[in-house]
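Peer 1: Chain order of the listed sequences is A and B.
Heads up: take any position in the first sequence, counting from 1, add 557, and you land on my numbering.
Heads up: take any position in the second sequence, counting from 1, add 279, and you land on my numbering.
Positions of the beta carbon are idealized from the N, C-alpha and C atoms, including for glycine.
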Amino acid sequence: MSGEGKRLRRLLFSNPLSLFGVVTTTIFVVLALLDVLTFGKITPFSPYLVNFSQANLSPSLAHFFGTDFEGRDIFSQVIAALPVDMGISIAVVVTSALMGIVLGTLAGFFRGIFDEVIMRLTDMFLAFPQIIMSLAIAATLGPSLLNVSLSLIVVWWPPYVRLVRGAVLAVSAEDYVSVSKSLNSSFLYIVRKDALPNVLPSVLVYATTDIGSALLTLSTLGYLNVGIPPAMPELGKMVSSVTYNLYLYPTQVIIPALIVMLMVAGFSFLGEGLRESLDVKLRPHILIRGRGLDAAVGDLTKKGSGAGPTTSS
Amino acid sequence: MLVGVALIVFFISHILNPDPAVLWAGPRARPETIKAVAAAYHLNDPLLTQLYYYFQGLVTGNFGVDPQTGRSILSEILFYAPNTLELVLASMVIIIVLGVGLGYISGMRFGTKVDSAIRVFYLTTWSTPYYLGALMSVLVFASYIPLFPSGGNGAVGFSYTPITGIFVLDSLLQANWPALESGLYHLVLPATTLALLSFGIVPRIMRSSILDTRWSTHVKAARARGLQEGEVRRKHILRNALIDTTTVIATTFGWLFSGTIIVEQIFAWPGIGQFSYTAIVSDNYPVLVACVFVFTVGVIIANFIADIIYPLLDPRITLGEGG
Chain A
558 MSGEGKRLRR LLFSNPLSLF GVVTTTIFVV LALLDVLTFG KITPFSPYLV
608 NFSQANLSPS LAHFFGTDFE GRDIFSQVIA ALPVDMGISI AVVVTSALMG
658 IVLGTLAGFF RGIFDEVIMR LTDMFLAFPQ IIMSLAIAAT LGPSLLNVSL
708 SLIVVWWPPY VRLVRGAVLA VSAEDYVSVS KSLNSSFLYI VRKDALPNVL
758 PSVLVYATTD IGSALLTLST LGYLNVGIPP AMPELGKMVS SVTYNLYLYP
808 TQVIIPALIV MLMVAGFSFL GEGLRESLDV KLRPHILIRG RGLDAAVGDL
858 TKKGSGAGPT TSS
Chain B
280 MLVGVALIVF FISHILNPDP AVLWAGPRAR PETIKAVAAA YHLNDPLLTQ
330 LYYYFQGLVT GNFGVDPQTG RSILSEILFY APNTLELVLA SMVIIIVLGV
380 GLGYISGMRF GTKVDSAIRV FYLTTWSTPY YLGALMSVLV FASYIPLFPS
430 GGNGAVGFSY TPITGIFVLD SLLQANWPAL ESGLYHLVLP ATTLALLSFG
480 IVPRIMRSSI LDTRWSTHVK AARARGLQEG EVRRKHILRN ALIDTTTVIA
530 TTFGWLFSGT IIVEQIFAWP GIGQFSYTAI VSDNYPVLVA CVFVFTVGVI
580 IANFIADIIY PLLDPRITLG EGG
């Protein structure tokens, strides 16, 4: 186990891409946690402090990122927005992954009508363009952190069900699962000992990259001023509140948006790095509608049989 | 499929909110307005009756009346849809050419500097929020280096008779060269922006499929049979890799449609994306619901087309059916 850990660490740190991912995500997660744990005391200024005599300043030593049209410190606003952005994205992805693991395992093991119903539903929800669907739900439910998370989860869970179900189907075809079944092992035992260890690495890799995608969608909702409560700092919302200043003070607009981009890139690169080191082959067409489910299972069962160097997608 | 999707949209628009009439009338509406809206959209009837009206509306293409302009939502959508189609299709062409090309190069040069550069490029564009990408390209390519116009679809100032409603196509059909030039000139920047911001997954899948097939036995067999390298690459590697990529390309339509909401707004492109953006910021709920439905149908159609193309690319399917 420790050898495995050492190998993982070496691979993550040797590759500049994944090193970038590890460093960026760590910095942002630590900053977000610090901000929550100190109740927002780590920001140099209050993110809500309006001071018109200090409006529209360029970045300087006093105001690292400058100030906006109302003289609020942009750096402090960014820090205050981190827990919101980071927290919601992680919560959405974790909830979706859990839903996927439960539904996918059940569907994969019990097949039949249950499987059919779950997969039909999954296909239907996959048909919706993510941003547009969560936009509609968030607009319907009205602004609140819970509602915006719900609106994202509604479009976020389907790929996980597909991913887990495919992996479970592939595993149940293996001999050791048949043996386990014939030894009268309980369903939960098989899931815990045989299925989950095979499923979790793919879920982990997919989820890491996915936090970035959730963040993108969340901040786009924020940019459209949907779902995020009015007083809540959020990076996308910060951008849209100063867009009209783009030509005069481009840094006000670009900096919060760049932070979003950095965070998303961090999670993507980390996901890429994990994928390479865990040697997980993700076949995205398992995650999307359009191909027969059996084809997807076939792809998973032949996983690892390919010749040539270890590849990653 | 379509019925299920329609049911989900119905659930969101009619059931999810405890008081849909307030939503449809807008948050600042007077009580009597809310009552009138509830009556006009049958929001006080039993759910089954509402469902009946809803499906009747969908089947007859009647999305209701836009409460802000008084025109029928369908006519507005039909007016905006061709422009969105123009933008999305143009982006799709860019995505296919660039995505497949870059993925192919990256896969064939696995492990080299070129490979890493391409990977960093597509991972970065994928990580860029639509609003950042669109604002930056307006700022840089329309303001700092004024190469392209910052907004519009170029149709202003040209009198033309709409045939398809797609400006570039219409001016081409009618051999109206100045109009075509203006149309293309206005199209380049938003289409490229939309394409680059949405295309990340295409080169990614292309690259991994290339890597999967490059060292596979059937490619070795083709080489062993003495086929020329060009032919091996074209017929055995590229074609094989395109199969997976096609399915993924269909899914990028979802991202393209989502992206139009931001990109069209920033580029003042008169399409459904901007229409829905306006609906969002002005609390125009009926229009928003109609737009969501139209976008989703668009994605379903794109997937359907991919399902048709797919067997054309994969000879195993035709072989299997032919015995």
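1) Starting from Ile291 of chain B, trace the alpha helix (DSSP H) in both directions and tell me its first and last residue.
2) Tell me, please, whether the CB atom of Met681 of chain A is closer than 8 Å to any CB atom in chain B?
3) From the beta carbon of Ser370 of chain B, is the nearest beta carbon of chain A less than 8 Å away?
4) Excluding the five sequence neighbours on either side, which residues of its own chain have a C-beta within less than 6 Å of the C-beta of Gln809 of chain A, listed in chain order?
5) Once DSSP output is grouped into helix, strand and coil, what is the label at Thr351 of chain B?
6) Shorter than 8 Å from the beta carbon of Ser406 of chain B to some beta carbon of chain A?
7) Anyone know if the C-beta pair for Val481 of chain B and Gly386 of chain B falls short of 8 Å?
8) What does DSSP give as the partner residue(s) for Val344 of chain B in the beta ladder?
9) List, in chain order, every chain A residue whose beta-carbon is nearer than 9 Å to that of Ile559 of chain B.
10) Check each candidate in B:Gln335, B:Val467, B:Val511, B:Leu567 and name the one with the smallest Cα separation from Leu426 of chain B.
11) Do the region 740-760 of chain A and the region 522-533 of chain B make contact, defined as three or more Cβ pairs closer than 8 Å?
12) With DSSP run on the structure shown, which of helix, strand or coil describes Asp672 of chain A?
13) Could you please tell me which residues of the region 815-830 of chain A, in chain order, have their CB closer than 9 Å to any CB of chain B?
14) Using a beta-carbon distance below 8 Å, is Ser292 of chain B in contact with chain A?
15) Ignore the nearest five residues each way along the sequence and tell me which others in Pro790 of chain A's own chain have a CB closer than 6 Å to its CB.
16) Between which two residues does the alpha helix (DSSP H) holding Asp751 of chain A run?
17) Thinking C-alpha only, which one of B:Pro457, B:Ser461, B:Asn519 is nearest Ser487 of chain B?
18) Between which two residues does the alpha helix (DSSP H) harbouring Gln453 of chain B extend?
19) Measure the C-alpha to C-alpha separation of Ala396 of chain B and Thr582 of chain A and round it to an integer number of angstroms.
20) Mind checking who Asp630 of chain A pairs with in its DSSP beta bridge?
21) Hey, out of B:Phe583, B:His465, B:Gly444, B:Thr404, whose CA is closest to Ala474 of chain B's CA?
22) Curious, which full-length alpha helix (DSSP H) runs of at least 4 residues does the region 785-822 of chain A contain?
23) Quick one: measure Cβ to Cβ for Ala872 of chain A and Val756 of chain A, integer angstroms, because I've assumed they're closer than 8 Å.
24) At the level of alpha carbons, what is the spacing between Val712 of chain A and Tyr763 of chain A?
25) Interface residues of chain A around Ile287 of chain B at Cβ under 7 Å?
26) Give the interface partners of Val684 of chain A over in chain B, defined as CB-CB distance under 8 Å, in chain order.
27) Leu574 of chain A to Ile584 of chain A, Cα distance in whole Å?
28) Would you identify the three-state DSSP class for Asn519 of chain B, choosing helix, strand or coil?
29) Just confirm the distance between the C-beta atoms of Val234 of chain B and Ile689 of chain A, as a whole number of angstroms; I'd bet it's less than 8 Å.
30) Taking C-alpha atoms, which residue in A:Ser708, A:Asn782, A:Ser742 lies nearest to Ser653 of chain A?
31) Would you mind working out which of B:Thr557, B:Ala470, B:Val568 sits nearest Asn362 of chain B, comparing C-alpha positions?
32) For Ile845 of chain A, collect the residues of the same chain with a Cβ closer than 7 Å to its Cβ; drop the 5 residues on either side in sequence, then sort them by chain order.
33) Can you check whether the C-beta of Ile587 of chain B is within less than 8 Å of a C-beta belonging to chain A?
Peer 2: According to the structure shown:
1) Neither: Ile291 of chain B is in no alpha helix (DSSP H) and is coded neither H nor E.
2) yes
3) no
4) Asp625, Val799, Asn802
5) Here the sequence assigns Ser to residue 351 of chain B, which means Thr is not the residue at that position. Reduced to three states, the DSSP call for Ser351 of chain B is strand.
6) yes
7) no
8) B:Ser351
9) Leu692, Ala696, Leu781, Asn782, Val783
10) B:Val467
11) no
12) helix
13) Leu815, Val817, Met818, Leu819, Met820, Val821, Ala822, Gly823, Phe824, Ser825, Phe826, Glu829
14) yes
15) Pro604, Gln634, Ala637, Ala638
16) Looking at the DSSP string, Asp751 of chain A is not in any alpha helix (DSSP H), and its letter there is neither H nor E.
17) B:Asn519
18) Note, Gln453 of chain B: premise wrong, no alpha helix (DSSP H); not H, not E.
19) 21 Å
20) A:Thr624
21) B:Thr404
22) 792-799
23) One cannot answer for residue 872 of chain A here, as it falls past the ends of chain A, which runs 558 to 870.
24) 15 Å
25) Met681
26) Residue 684 of chain A is actually Ala in this sequence, not Val. What Ala684 of chain A touches in chain B: Met280, Val284, Thr575, Val578, Ile579, Asn582.
27) 16 Å
28) helix
29) Summary: the structure shown does not reach residue 234 of chain B, with chain B confined to residues 280 through 602, and so no result is reported for it.
30) A:Ser708
31) B:Ala470
32) Residue confidence is low: Ile845 of chain A scores 43 on pLDDT, short of 50, so the model does not pin down where it sits. Its coordinate-derived value is still stated next. The residues are Leu683.
33) no
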